[in-house]
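Number of protein chains: 2
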Amino acid sequence: MRFQKTTEYAIRAMVYLAKHPGQRLSTRSLHESLDIPYKYLGRLMSRLAEAGLVSVEHGKHGGYQISENRDSIYLYQIAEEVEGLEDYERCILGFPDCSDEHPCALHDRWVAHRENIKAMLYETTLADLEEEPTKQP
Amino acid sequence: MRFQKTTEYAIRAMVYLAKHPGQRLSTRSLHESLDIPYKYLGRLMSRLAEAGLVSVEHGKHGGYQISENRDSIYLYQIAEEVEGLEDYERCILGFPDCSDEHPCALHDRWVAHRENIKAMLYETTLADLEEEPTKQP
DNA sequence: TAAATATACTACCTGAAAGTAGCATTTAGG
DNA sequence: CCTAAATGCTACTTTCAGGTAGTATATTTA
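Heads up: the sequence lines are chains A and B, in that order. The numbering of the first sequence is the working numbering, which starts it at 37 and goes up by one. The numbering of the second sequence is the working numbering, which starts it at 37 and goes up by one.
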């Protein structure tokens, strides 16, 4: 009941980029700030760039920055790109034909929590995460 | 953001046993009723028996049944045995020193949902899942 | 134009979850 | 006592997330 490690990395990186608007940050600096394996992070950033979530500059002094406004990038977009959103449509017990009309024993209890998590993903932007005066650990 | 498949199997099997109190059910019959790979289910049931969640009879006409009262077995016990409960103490972004006092950007939003899920696991018994007139898919 | 520094691409390695298979062991009952 | 039917144990296989490594390519700048 958690994000894949790669999704954690992706959200970390996107949040960090959102905190440094207008700056182009290299994989090296993200690696050092966020403690994510350098080579693995490089491939991840390429994926995020290809998905259009960040813009990229090649060559010397290259790197990544948030592609659009921080308030137009939602958490679900990051999760979708990395691990997909299939889990949030899935029966909690894995029954293929579980549904509201034909629920498994845990369905009703689970769906309530699941919808709350979905709301978090679909309604929270990177800008929203900036608003609170929370320190990055 | 889901249970491991094996945890799904375990909860399915426990719920099914809880619906047939006093009956000793073989791996074969559980396999046929729940569509879980036969051999894999056999090993899983052994684990649940060793953990004390079900009682077991060997030999001909052997099988498993709920070990105690249905209302004294909580979902968290099943999840704990199969995949552990570490995820529910973990930072959603994987920062090792994230905490209430030193939160990551998502901490406060996530903890609310996480605690609700923990409550579901720690407060729901197999008997509770019986009470609602829901059909097993 | 050449060196430095960055991303992009490709191949490989590792560990764990999920699944398969065979044989040993236990028990009921004719 | 023997056989059928069940669990228990052990080993192997498959798949994929996560991680490592080397090289190609792009861009800045001295």
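The beta carbon of each residue, even a glycine, is placed where N, CA and C say it ideally should be.
I want to verify the contact list: residues of chain A whose CB lies under 7 Å from the CB of B/Trp67, in sequence order.
For the record, residue 67 of chain B in the displayed sequence is His; it is not Trp. In chain order: nothing, as chain A lies at least about 15 Å away.
I'd like to know if B/Asn105 contacts chain A, where contact means its C-beta is closer than 8 Å to some C-beta of that chain.
no
Check distances from the C-beta atoms of the stretch 63–93 of chain B to those of chain A and list, in chain order, the residues that come in under 7 Å.
none
Taking B/Tyr124 as the query, report the chain A residues whose CB atoms sit under 9 Å from its CB, ordered along the chain.
Met37, Arg38
Output, in chain order, the set of chain B residues within a Cβ distance shorter than 7 Å of A/Lys41.
Gly130
For B/Ser62, which three-state DSSP category applies?
coil
With a Cβ-Cβ cutoff of 8 Å, do A/His149 and B/His149 count as a contact?
Result yes, Cβ atoms of A/His149 and B/His149 sit closer than 8 Å.
Given A/Thr160, which residues of its chain have a CB within under 8 Å of its CB, disregarding the five upstream and five downstream residues?
Tyr110, Leu111
Is B/Leu53 closer than 8 Å to B/Thr63 when the C-beta atoms are compared?
Here B/Thr63 is not near B/Leu53, since their CB atoms are 8 Å or more apart.
I'd like to know if B/Ala141 contacts chain A, where contact means its C-beta is closer than 8 Å to some C-beta of that chain.
yes
Is it buried or exposed for A/Pro139, if we count other Cβ within 10 angstroms and need 16 for buried?
A/Pro139 should be labelled buried.
Between the stretch 42–50 of chain B and the stretch 113–127 of chain B, are three or more C-beta pairs nearer than 8 Å?
yes
CA-CA distance, A/Glu125 and A/Ala155?
13 Å
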